[in-house]
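In the working numbering, the protein residues as written are 1059 to 1368.
Worksheet for the structure shown next.
Structural data, given as structure tokens:
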């Protein structure tokens, strides 16, 4: 989701900020605060975190907003705490209690037996209190009005699911997953397999591809940088190239860069049909996301209009 500021002091900033979203704040609120602090003309986030979740929320500014869709579909990792024995209407701490059941004595083997079928390509039912839309309206709005709603099942990818620690009634899990995965639903499914029910009691996003070891920035750190001036702010912003680090880099010469900047197709001698790449100008600017068509020519999927200094 992106926001454009119509204010006299707004400035064009281009880059990616790896925000450490605080507890209790929506992703949209965090984005709006960052835009205001930076006085950015345009900004967007790359997939919402629930208010009760903390951790990595990549924010894109200026031409970086064109990358939001790419980052939205990326692989992600979380540290999730599941509270056993209690199910709630929202599958997390915010909801009302639906049922309470005794937590059985669980050993490592029993926990592993419950985790095993939740790995891989699995079918998951998202929570009804979710942003999934039906009839153009998010399900959570319908649920809050008391309407009977059902979220359609979907296939998601759970690449890694491991027990990190445990107490008598909580399990802390490391989760690596693909786009569209609801960790709240994962907690519910685990609770049912253990026979006692569960809800998600804490969640922290650790990384999002391609930011595997993110140096996250808090809102307070962002304010401190803004007080010091534009140079300090720009040091916190990653270049757009960081957002496409998982793609092969296609280095263009001056003639090729000019052609791509103008939207013209050129030959890609080393390209294979269907290959994807990030195309760069000789000065290092990201020019476009491209693929190779069946004739061995560069096809522009998304162009970027970055000033030469970026």
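Ideal placement from N, C-alpha and C gives every residue a C-beta, glycine not left out.
Item	Value
Tell me where the alpha helix (DSSP H) around residue 1074 begins and ends.	Careful: residue 1074 lies outside any alpha helix (DSSP H), inside the beta strand (DSSP E) at 1073 to 1079.
Since I believe residue 1364 is in contact with residue 1072 (beta carbons under 8 Å), could you give me their beta-carbon distance rounded to a whole number of angstroms?	6 Å
Using the beta-carbon count (16 or more within 10 Å), is residue 1087 buried or exposed?	exposed
Could you give the C-beta distance for residue 1115 and residue 1079, rounded to a whole number, given that I count them as a contact under 8 Å?	4 Å
Just to confirm, are residue 1120 and residue 1070 a CB contact at a threshold of 8 Å?	yes
Between which two residues does the beta strand (DSSP E) harbouring residue 1088 extend?	Premise fails: residue 1088 lies in the alpha helix (DSSP H), 1085 to 1096, not in any beta strand (DSSP E).
Specify the secondary structure class of residue 1200 as computed by DSSP and reduced to three states.	Because residue 1200 sits at a pLDDT of 48, beneath the cut-off of 50, its placement in the model cannot be relied upon, and the point is left open.
If you follow the beta strand (DSSP E) that residue 1370 is in, where does it begin and where does it stop?	Residue 1370 lies beyond the range of the chain shown here (1059 to 1368); nothing can be said about it.
Could you check what DSSP says for residue 1351 in three-state terms: helix, strand or coil?	coil
Return the CA-CA distance between residue 1181 and residue 1154, expressed in angstroms with no decimal places.	25 Å
Quick one, which of 1301, 1145, 1225 has its alpha-carbon nearest residue 1128's?	1301
Using beta-carbon positions only, say whether residue 1369 and residue 1357 come within less than 8 Å of one another.	The structure shown does not extend to residue 1369, since the chain is modelled only from 1059 through 1368, so no value can be given for it.
Rounded to whole angstroms, what is the Cα-Cα separation between residue 1303 and residue 1151?	36 Å
For residue 1201, count neighbouring C-beta atoms within 10 Å of its own C-beta (all shown protein chains included) and say buried if the count is 16 or more, exposed if not.	With a pLDDT of only 49 at residue 1201, under the threshold of 50, the placement of this residue in the model should not be trusted; the figure read from the coordinates follows. It is buried - the Cβ of residue 1201 has at least 16 other Cβ atoms within 10 Å.
Looking only at DSSP bridge pairs, what is residue 1356 linked to?	1350
Which value, in whole angstroms, describes the spacing of the CA atoms of residue 1218 and residue 1245?	14 Å
Using DSSP bridges, identify the partner residues of residue 1325.	1355
Which residues in the same chain have their Cβ closer than 7 Å to the Cβ of residue 1263, if we skip the five residues on either side of it in sequence?	1107, 1111, 1113, 1114, 1134, 1136
Could you tell me the distance, in whole angstroms, from the CA atom of residue 1274 to the CA atom of residue 1286?	19 Å
State yes or no: is the C-beta of residue 1247 within less than 8 Å of the C-beta of residue 1344?	no
Taking the alpha carbon of residue 1077 as the point to measure from, which residue in 1143, 1238, 1272 has its own alpha carbon closest?	1272
For residue 1253 and residue 1169, I'd like the C-alpha separation in whole angstroms.	11 Å
Name the residue from 1215, 1346, 1333, 1289 whose alpha carbon lies nearest to the alpha carbon of residue 1233.	1215
So residue 1125 packs on residue 1105, CB below 8 Å; how close in whole Å?	The Cβ separation is near 12 Å, so there is no contact.
Could you tell me the distance, in whole angstroms, from the CA atom of residue 1139 to the CA atom of residue 1185?	17 Å
If you draw a straight line from the alpha carbon of residue 1240 to that of residue 1144, how long is it in whole angstroms?	18 Å
Helix, strand or coil, according to DSSP, for residue 1228 in the structure here?	strand
Would you kindly work out how many angstroms separate the C-alpha atoms of residue 1305 and residue 1099, rounded to a whole number?	28 Å
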